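Protein chains: 2
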Amino acid sequence: MTASPMLPFDDRGFAYGDGVFETVLLRDGEPILWDYHRARLRRGCEVLGIPMPSDAALEATWHTADPGERLPQQEVLKIVLTRGSGGRGYAPPLTPFPRLLSHRMPFTPNFSRWSEGIHVCICDLRLAQQPRLAGIKHLNRLENVLARREWQREDIAEGLLADQQNNVVEATSMNVFWQQDGAFWTPPLTQCGVAGTLREALLSHKLIAVAPLPLSELCRIERLWVGNSVQGIWPVVALVTHDGQVQKRWTRPTSDVLQAAGHRLLGFAA
Amino acid sequence: MTASPMLPFDDRGFAYGDGVFETVLLRDGEPILWDYHRARLRRGCEVLGIPMPSDAALEATWHTADPGERLPQQEVLKIVLTRGSGGRGYAPPLTPFPRLLSHRMPFTPNFSRWSEGIHVCICDLRLAQQPRLAGIKHLNRLENVLARREWQREDIAEGLLADQQNNVVEATSMNVFWQQDGAFWTPPLTQCGVAGTLREALLSHKLIAVAPLPLSELCRIERLWVGNSVQGIWPVVALVTHDGQVQKRWTRPTSDVLQAAGHRLLGFAA
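So the sequence lines, in the order shown, correspond to chains A and B.
When you read off a place in the first sequence, starting at 1, and then add 484, the result is the number in this note's numbering.
When you read off a place in the second sequence, starting at 1, and then add 484, the result is the number in this note's numbering.
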């Protein structure tokens, strides 16, 4: 675990959420799916007009351990890149000096969620549609916070988020995957949502494809999962109300092809 | 000018924009329109579920000068209230310890904009509609930053922002007011936008009323202004393209009733 850095009040990441972040799984000190994280960071920098840090600066965020230090097997590395300080109000400085901050914490996956599956609810909040910001992992995450505040029950592991047309987009901190007609699918993220790196990796390996998922179809799909590049893939075994009443059950697959593929990409033992 | 405070990396205001802020005009060390600022802060706290600070804690943000210190006549006080640190990812802590930070800077209004008026453009960005967050001054302000990045010309003072139905909502850091049929109007802010305290004060004094303003009607209105509680009210004398070409001119009123009323509320000399 690294010491938590401090930042100044006038940092634009703090003032306006003017920046992007990545949450990266480290195994034995090396980042997993790094090419995907770097690609999303680059897209975020392009969208916001923030200069992309050098590879050396990014690599320094995980090359911080003493050579002799015994690393925890798995850690989570959080990298935050902001436009830095300055500018006049919302107007950014013409030549920004971005601020790159990072923090590393030990991490253990939640194995019981892998094997037993989870319960999810459908959040009341509907995601706003902003194509200019869709897909990137920017620092404006109040919708996710408000959605995650909708329930406190420990037996609800995630909440599904739909847009204002009632199409499922994602979960509060994970992407959504489902099985229908023998294939695996994930919703489009052109209007809202965060394009997770595990989702991108599954897409580029052609293990999943993009299709819309109306809320009204949710109870008719064969199987449902949520997942991200840190926690792996959780099969959803029940859709429940905010107070835990079961609305739909899915049986836990004996052979979970999607989870196995995702965990292979993340280097988790099968 | 107070020293700029520091905050920790794990502050949720930095991580997610999980907080609200106020930008308050101080005159001789006392806040102007404070009741309106406090009311908006309280609404923001209710929406986000953050405990409202005590009046004593809020008053301490401007009672920071030495008794013998000669204050600049006008200052701007920025107050930021975040949910503090903690929680598990987006899930907030059940008992948050909010963080209240503030910073004071000398301020002089832009007198030439008061008297000569300004040019505005129409931003290409369309505001996303999120009724859960509309009106409050939360820390998720990337849309304002992206909109303000659309032009660099010094002769364009503000940019008008419309929603996805092409209704004018606000300017990047100000509210919008217009005159039609002898009355003064401001757009509704139920789907997006920030409910400025000057706008609230003008509404509660019945000097303005709420009405929609489609972009298609903009060139037909009699007069247009933008304003906020720090800068006062700027009459708009021209609508221009991003590269400065004039699309519509309004004549500067010889007697500006709305500006006079607004500046009286702000204590600016007529």
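Don't be surprised by glycine CBs; every beta carbon is placed ideally from N, CA and C.
A quick note: this is a predicted structure, and the numbers were derived from the prediction, not measured.
- Within chain A, the residues placing a beta-carbon under 8 Å from that of B/Arg625 are Ala499, Tyr500, Gly501, Asp502, Tyr574, Asn624, ordered along the chain.
- Contact between the segment 513-527 of chain B and the segment 633-644 of chain B is absent, with fewer than three C-beta pairs closer than 8 Å.
- Within 10 angstroms of the beta-carbon of B/Glu543 lie fewer than 16 other beta-carbons, which makes it exposed.
- In the structure shown, the three-state DSSP call for A/Arg511 is strand.
- With a threshold of 16 other beta carbon atoms within 10 Å, B/Ser700 falls short and is exposed.
- Of the residues B/Met490, B/Glu706, B/Arg610, B/Ala722, the one whose Cα lies closest to the Cα of B/Gln675 is B/Arg610.
- The residues Pro489, Val564, in chain order, have a CB closer than 6 Å to that of B/Leu585 in the same chain once the five nearest residues on each side in sequence are set aside.
- Counting only runs of at least 3 residues, the segment 604-656 of chain B fully encloses the following beta strand (DSSP E) elements, listed from N- to C-terminal order: 642-647, 652-655.
- DSSP places B/Trp546 outside both helix and strand once states are collapsed to three, so it counts as coil.
- The beta carbons of B/His747 and B/Trp635 sit no closer together than 8 Å.
- Distances from the CA of B/Leu750 to each of B/Val714, B/Trp734, B/Leu742, B/Val504 were compared; the closest alpha carbon is that of B/Val714.
- The residue among B/Leu742, B/Phe493, B/Met536, B/Ile534 with its C-alpha nearest the C-alpha of B/Val710 is B/Leu742.
- Put simply, the CB of A/Met658 is far from chain B, with every gap to its CB atoms at 8 Å or more.
- From the beta-carbon of A/Asp639, no residue of chain B is found nearer than 7 Å; the closest lies around 14 Å away.
- Per DSSP, the continuous beta strand (DSSP E) segment holding B/Ser586 begins and ends at 583-590.
- Scanning the segment 722-751 of chain A from its first residue to its last, the whole beta strand (DSSP E) runs of 3-plus residues come out as 730-733.
- The C-beta distance from B/Phe591 to B/Val560 rounds to 4 Å, short enough to meet the 8 Å contact threshold.
- Taken in chain order, the unbroken stretches of beta strand (DSSP E) that lie wholly in the segment 659-729 of chain A and span 3 residues or more are 659-664, 667-670, 707-712, 716-724.
- With contacts defined as CB atoms closer than 8 Å, A/Pro515 and A/Val508 qualify as a contacting pair.
- For A/Cys703, the closest C-alpha among the options A/Leu623, A/Gly568, A/Cys605 is that of A/Cys605.
- In this structure B/Leu623 touches A/Tyr500 by the C-beta definition: roughly 7 Å separates them, less than 8 Å.
- In chain order, Glu706, Arg707 place their CB closer than 6 Å to the CB of B/Gln663, counting only its own chain and leaving out the 5 sequence neighbours on each side.
- Residues Leu644, Ala646, Val660, Pro671, Leu697, Leu699, Leu702 of the same chain have their beta carbon placed closer than 7 Å to that of B/Val652, with the five preceding and five following residues left out of the count.
- In this chain, B/Glu553 is not harboured by any alpha helix (DSSP H), its DSSP state being neither H nor E.
- In this structure, A/Pro719 is the residue among A/Ser739, A/Pro577, A/Ala744, A/Pro719 with its C-alpha nearest to the C-alpha of A/Arg733.
- In terms of Cα proximity to A/Ala612, the closest of A/Gly677, A/Arg637, A/Ala722 is A/Gly677.
- A Cβ of chain A is located within less than 8 Å of the beta carbon of B/Phe493.
- In the DSSP assignment, A/Val504 is bridged to A/Leu565, A/His622.
- Counting only Cβ-Cβ distances below 9 Å, A/Gly666 has no contacts in chain B at all, with the closest Cβ about 33 Å away.
- When secondary structure is reduced to three states using DSSP, A/Ala753 falls in the coil class, being assigned neither helix nor strand.
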